[in-house]
Every structure is written in C-alpha cells, then in structure tokens.
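Protein chains: 2
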Amino acid sequence: MNTAPINTKGCLFLVPTPLDFGCAEQAPITQVLPEATLACAAGIRHWVSENAKTTRAFLKRVAQTHPLLVPLPEQSITELPRQVHKKGDHLSGFDGKPLLAAALLGHDVGLVSEAGMPAVADPGSSVVRAAHELGLRVVPLVGPVSLLLALAASGLNGQNFAFVGYLPQDAVERGARLKQLEALAHKTGQTQMWIETPYRNAAMLSALLQNLQGATRLAIASGLTLASADIQSRSVAQWKKGLLGPDNHTPAVFAIGP
Amino acid sequence: MNTAPINTKGCLFLVPTPLDFGCAEQAPITQVLPEATLACAAGIRHWVSENAKTTRAFLKRVAQTHPLLVPLPEQSITELPRQVHKKGDHLSGFDGKPLLAAALLGHDVGLVSEAGMPAVADPGSSVVRAAHELGLRVVPLVGPVSLLLALAASGLNGQNFAFVGYLPQDAVERGARLKQLEALAHKTGQTQMWIETPYRNAAMLSALLQNLQGATRLAIASGLTLASADIQSRSVAQWKKGLLGPDNHTPAVFAIGP
Numbered sequence: 006m007n008t009a010p011i012n013t014k015g016c017l018f019l020v021p022t023p024l025d026f027g028c029a030e031q032a033p034i035t036q037v038l039p040e041a042t043l044a045c046a047a048g049i050r051h052w053v054s055e056n057a058k059t060t061r062a063f064l065k066r067v068a069q070t071h072p073l074l075v076p077l078p079e080q081s082i083t084e085l086p087r088q089v090h091k092k093g094d095h096l097s098g099f100d101g102k103p104l105l106a107a108a109l110l111g112h113d114v115g116l117v118s119e120a121g122m123p124a125v126a127d128p129g130s131s132v133v134r135a136a137h138e139l140g141l142r143v144v145p146l147v148g149p150v151s152l153l154l155a156l157a158a159s160g161l162n163g164q165n166f167a168f169v170g171y172l173p174q175d176a177v178e179r180g181a182r183l184k185q186l187e188a189l190a191h192k193t194g195q196t197q198m199w200i201e202t203p204y205r206n207a208a209m210l211s212a213l214l215q216n217l218q219g220a221t222r223l224a225i226a227s228g229l230t231l232a233s234a235d236i237q238s239r240s241v242a243q244w245k246k247g248l249l250g251p252d253n254h255t256p257a258v259f260a261i262g263p
Numbered sequence: 006m007n008t009a010p011i012n013t014k015g016c017l018f019l020v021p022t023p024l025d026f027g028c029a030e031q032a033p034i035t036q037v038l039p040e041a042t043l044a045c046a047a048g049i050r051h052w053v054s055e056n057a058k059t060t061r062a063f064l065k066r067v068a069q070t071h072p073l074l075v076p077l078p079e080q081s082i083t084e085l086p087r088q089v090h091k092k093g094d095h096l097s098g099f100d101g102k103p104l105l106a107a108a109l110l111g112h113d114v115g116l117v118s119e120a121g122m123p124a125v126a127d128p129g130s131s132v133v134r135a136a137h138e139l140g141l142r143v144v145p146l147v148g149p150v151s152l153l154l155a156l157a158a159s160g161l162n163g164q165n166f167a168f169v170g171y172l173p174q175d176a177v178e179r180g181a182r183l184k185q186l187e188a189l190a191h192k193t194g195q196t197q198m199w200i201e202t203p204y205r206n207a208a209m210l211s212a213l214l215q216n217l218q219g220a221t222r223l224a225i226a227s228g229l230t231l232a233s234a235d236i237q238s239r240s241v242a243q244w245k246k247g248l249l250g251p252d253n254h255t256p257a258v259f260a261i262g263p
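Which chain is which? The protein sequence lines are A and B, in order.
Under this note's numbering, the letters of the first sequence match residues 6 to 263, in that order.
Under this note's numbering, the letters of the second sequence match residues 6 to 263, in that order.
Right, here's the structure in full:
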C-alpha cells in the first residue's frame, strides 16, 4: 500500500524509552521495553534526540541487552533545537527535513525523547512530518506511554478523551483554564488530561482542590511503571479529605471527568 | 502515599495484548510485550475479559514464554456484559464491583480486552473505577496502544490531541461530524482521532475525501506493530491524487489536524 520508494531510503523509527528518567529508582530496561524495540534500537546509529546526554544513557542500557551496531562514541546524535522544546513542535515553524539526511542515504534514523514516546506530549512531530514529506517509512515501536497508562488506570472515560499539554502557570489563568476543562468534561463526557513540571505538583493539586467542583472525578498518576507507582482516582470532595498527591520530584499525569 | 489497605487485597492489573487480534499475520508475543508484562500475566488466574475466547488464546501465547501459575482450564475468566460493549462503558451504568470479588479475597485480577490496552478505546473503565472504589491498587502494564502509536507516527500535534471514539454510521451525520472535528482541529490546533470498524475503512476514506478541506492533514495508520504496517500522513488534496487507504480487514486509526 505504501507508494513511497521505501526500499532505497532508511526508515524513521520512533523509539520509546523508559519512564524512569531523572528518577532514583530504575528497573532493568527489559521490564518495560519489548524485544523488538530493544533489537531495533541497538541497530540504529543515527539519532534525532530531545537531549543527547539522556540518549547516550539510554543506549548504554540497551547495550546491556543487545550489542550496539556501532560503539557509543561513534553514534551520531543530533539534538532538536531549543525552539522546538520551548514553543511546542507545532508552533515553532521548524523544518525537520535536514535532520533526516542520513535516511536519504539509506540509513535508518531513530527519534527519541527523554522519557516515553517521542512526539507524544514531547517534541518530535516536526521530524515525523518531515519524514512523511520525504517519503520515508515511519515505524513507531512499542514502549511505555505515561498518558495512556494513566488514562487506563484512571477509571475515567477511555473512549472519549483529550490531552491538552501544560496549563498556564499564572494562578488566575490556571484556575480559569481548570474551570473551562471541567465544564467541557461535564458537557461532553470527554476526559481531560494534562501534565505538569514535577516541582509544581503540589501547587497543581492545591489549584485543583480550590477550583473544581466536589463531584468531579480527579485522577493523579505518578511514578508510572516504577515500584513506587501511585494512582489515585477519587471525587474532588474525597481528595479534600486529605489524600496525598505526588511529591514534587515525580512526573505525574492529571485527569478529570464526570 | 496510597492510603488504601493494599496489602490484604489483590491488585487489578491492566494487561495489554498484541494488536494482531483477527489478523492473519502474528509475530511472537515477546516482540510487542515486555518481560514484566508477560511475567505478570502468567501469574494471574482471575480475569475480567472483553471476550473469554480471545483471552484463552492470549494466555496460550503467554504460556509459550512463561509457565502459567495455573493451567488454562483452571483459569477463571469472566466476560464483561454485553451492555458495556454496546453502549460504551460510561453510558451503561454498569457496576463492576462484583467482578472484583476475587481481589477482595487477596487474589490479583487481570483486566484484558481483545487487542491493545483495556479501558482505552475499549471497555473496562467501569471495572477500573470499581477497583478504586474498593481500595484496590490499580497497575497498568506496558504494551501496545494503537492510538498512541498512530498519533506518534502521524506527524500531527502530539502535545494537544483528542480521541473521540467512533463516528456516526449515517452518511449525513458522519459528514457533519467530520466537518465539526475539522473545524475544531483548525481552531484549536488539537489533533482529532477516531477509529472505525475495519469493514467500513473504504467508506470512511471516501467520506473524508468528500467532506474535508484540501489543506487539512489526514493520517491513517493500519496494521500497527505488524510487518504490513502502513502509516500515511498527507494533505487531503494529496490523498485525493490516489493514495490507497487500508483494506477492509485491518484495524485502522484515523487522525486529522491543521
């Protein structure tokens, strides 16, 4: 069905990584990445990366299970520019095609973010879009995706849901946005999800308890895939009785619904 | 952080399954499920399932990699009632608590759907919600999630997206809904995703080309995780030049954005 001349060009592989980036606790990589993902990652030597240092740390873990095609010092790792990180990949106007030059020469290229699935709640979509424009085959590999693990475990509606990225940092704007998302969830039944920088977790929980209605269901998932994973799903009224949210070091996903 | 008395009760594990359900092509299960997921599934003997027959087929594949705690004939597999399948898990008013009786006796319970992640674009959220109400620990395991693989590979905005389930079957209603989703995507930048029963894939593509604007980007992903996977992401105008969509046997995910 693919009409592009895939045989002469390399593929763009979307390579998921463990969710324990920056966490004290790390499990063996085979616990969360299946065999096909590990074998594929070990065979790539051209990378487009959110952060080269974490990509090298990831490849060191891969190498413990599968020998790398070329040693780490010879891996080519190109970082996405800062503008893509800061503004979001769809607002930056960034052209990802130059990052895929190796694929046009027949080499497979891997796209990786710091944790989880690249181009989902993370930069990278400009590179995927460029790959389609260049007629490359795009192959997403299986691995952990924090948003979907959180959604499945929330008990909220998984047949109609939205992820809206980050909320405003300003308290007044954030409160207004929360009320807007809550109204949308109640009107349409659509679960609303977002993430927050870990050091603002406690501030986010305060804002939620201050702005949402007591009957709204609030789920907070943190430390996903780790032994310390904690997933709580209760009404806002129940949260107000003293349930503890995640600490200010652990990445968390927030979700609300009727 | 978990204030529930987790030690005396079993956990509810959300067990993802391969996406090759009903497909002629099947790869070894280790290709798409990581070690921790397989080991956990092999240790469970109480299941809540979308379809008992497919759950038994899944457990046979698991058994090829990890010995099951109890043989297949002794596994307890309880199907979700039809009302949950038909109406969607959030409209049925179904109380999932009776399905979790084994967990209250200290046994772990596994929740599975026919393919992919339970409770995401599949029934199961009523059972997860019941688990939280009973104070059970809910543990989502890593595996393939077609929606997120499709989103990552689409090149569409992965930092703001929605999944809206199935569209209306009636041609006029479907056309109106498509125009509504397209307007929302252009206004907010939010990627809109949905799925369709495979035998309507060709009808869906016709409806898309008939109703959407030429500049709208349309991505269709089918056969995800299979060797025959096909992911095309082009403008509607480019699709109209004769790109082929998925056949009427392969599950597909549809996504549009600006």
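Just so you know, even glycine gets a beta-carbon here, dropped at the ideal spot from N, CA and C.
This one's a predicted model, so the numbers in the text were calculated from it and none came from an experiment.
Residue environment, residue i, which counts as buried when at least 16 other CB atoms sit within 10 Å
i: Gln-237/B; result: buried
i: Asp-113/B; result: buried
i: Asp-94/A; result: buried
i: Ala-62/A; result: exposed
i: Asp-100/A; result: exposed
i: Thr-202/A; result: exposed
i: Ile-11/B; result: Note that Ile-11/B scores a pLDDT of 48, beneath 50, so its modelled location is shaky and nothing firm can be said.
i: Ser-130/A; result: buried
i: Gln-185/A; result: exposed
i: Thr-255/A; result: buried
i: Thr-8/B; result: Any reading at Thr-8/B is ruled out, since the residue's pLDDT is 48, under 50, leaving its predicted position unreliable.
i: Val-132/A; result: buried
i: Pro-76/A; result: exposed
i: Gly-228/A; result: buried
i: Leu-110/A; result: exposed
i: Ala-188/A; result: exposed
i: Asp-235/B; result: buried
i: Pro-78/B; result: exposed
i: Gly-160/A; result: buried
i: Leu-74/A; result: exposed
i: Ala-226/A; result: buried
i: Pro-72/B; result: exposed
i: Gly-247/B; result: exposed
i: Gly-15/B; result: buried
i: Asn-206/B; result: buried
i: Ala-29/A; result: exposed
i: Thr-13/A; result: exposed
i: Gly-27/B; result: exposed
CB-CB length for residue i against residue j, believed under 8 Å
i: Leu-210/B; j: Ile-261/B; result: Between Ile-261/B and Leu-210/B the Cβ distance is about 12 Å, and since that is not below 8 Å, they are no contact.
i: Ala-190/B; j: Pro-263/B; result: 6 Å
i: Leu-231/A; j: Asp-25/A; result: 6 Å
i: Asn-162/B; j: Phe-168/A; result: Not a contact, Cβ separation roughly 10 Å.
i: Asp-89/B; j: Pro-128/B; result: Per the sequence shown, the amino acid found at residue 89/B is Val instead of Asp. Rounded, the Cβ-Cβ distance is 5 Å, consistent with contact.
i: Ala-68/A; j: Gly-115/A; result: Not confirmed; about 14 Å, so no contact.
i: Ala-212/A; j: Ser-240/A; result: Not really, about 17 Å apart at Cβ, beyond 8 Å.
i: Val-150/A; j: Val-150/B; result: 6 Å
i: Thr-193/A; j: Glu-119/A; result: With 8 Å as the limit, Thr-193/A and Glu-119/A do not qualify as a contact, their Cβ atoms being about 32 Å apart.
i: Leu-172/A; j: Leu-183/A; result: 7 Å
Any non-hydrogen atom of the ligand SAM within 7 Å of residue i CB
i: Gln-243/A; result: The model depicted lacks the ligand SAM and carries no ligand whatsoever.
Chain D within 8 Å of residue i, Cβ atoms only
i: Ile-261/B; result: No chain D is part of this structure, whose protein chains are labelled A and B.
Just by C-beta distance, which residues in the stretch 101-126 of chain B are closer than 8 Å to chain A? Met-122, Pro-123, Ala-124, Val-125, Ala-126
Report yes or no: do three or more beta-carbon pairs, one from the stretch 99-107 of chain B and one from the stretch 191-203 of chain A, lie closer than 8 Å? no
Contact the stretch 18-26 of chain B vs the stretch 134-148 of chain B: 3+ CB pairs below 8 Å: yes
Can you give, in chain order, each stretch of the beta strand (DSSP E) that sits fully within the stretch 89-153 of chain B and has at least 3 residues? 114-117, 143-145
Whole alpha helix (DSSP H) runs in the stretch 174-199 of chain A with 4 or more residues, listed along the chain? 176-193
Answer yes if the stretch 134-142 of chain A comes into contact with the stretch 122-129 of chain B, meaning at least three C-beta pairs across the two stretches below 8 Å, and no otherwise. no
Give, in chain order, every residue of the stretch 158-192 of chain B whose Cβ lies closer than 9 Å to some Cβ of chain A. Ala-158, Ser-159, Gly-160, Leu-161, Asn-162, Gly-163, Gln-164, Asn-165, Phe-166, Ala-167, Phe-168, Val-169, Gly-170, Tyr-171
Cβ-based contacts, 7 Å cut-off: residues of the stretch 39-69 of chain A near chain B: Pro-39, Glu-40, Ala-41
The stretch 30-44 of chain A contacting the stretch 39-47 of chain B, beta-carbon criterion three pairs below 8 Å: yes
Contiguous beta strand (DSSP E) assignments of at least 3 residues, all confined to the stretch 195-233 of chain B: 196-201, 222-227
Does the pairing of the stretch 73-85 of chain B with the stretch 46-61 of chain B give three or more beta-carbon distances under 8 Å? yes
Residues from the stretch 198-213 of chain B in contact with chain A, defined by Cβ distance under 7 Å: none
Members of the stretch 239-257 of chain A that neighbour chain B once the beta carbon cut-off is set at 9 Å: Arg-239, Gly-247, Leu-248, Leu-249, Gly-250, Pro-251, Asp-252
Below 7 Å between beta carbons is the criterion; list the residues of the stretch 15-40 of chain B that meet it against any residue of chain A, in chain order. Leu-19, Thr-35, Gln-36, Val-37, Leu-38, Pro-39, Glu-40
Closer than 9 Å between beta carbons: that is the criterion. Which residues of the stretch 129-152 of chain A meet it against chain B? Gly-129, Ser-130, Ser-131, Val-132, Val-133, Arg-134, Ala-135, Ala-136, His-137, Glu-138, Arg-142, Val-143, Val-144, Pro-145, Leu-146, Val-147, Gly-148, Pro-149, Val-150, Leu-152
Can you check the stretch 15-87 of chain B for any beta strand (DSSP E) of at least 3 residues that lies completely inside it and give the ranges in chain order? 17-19, 51-54, 81-84
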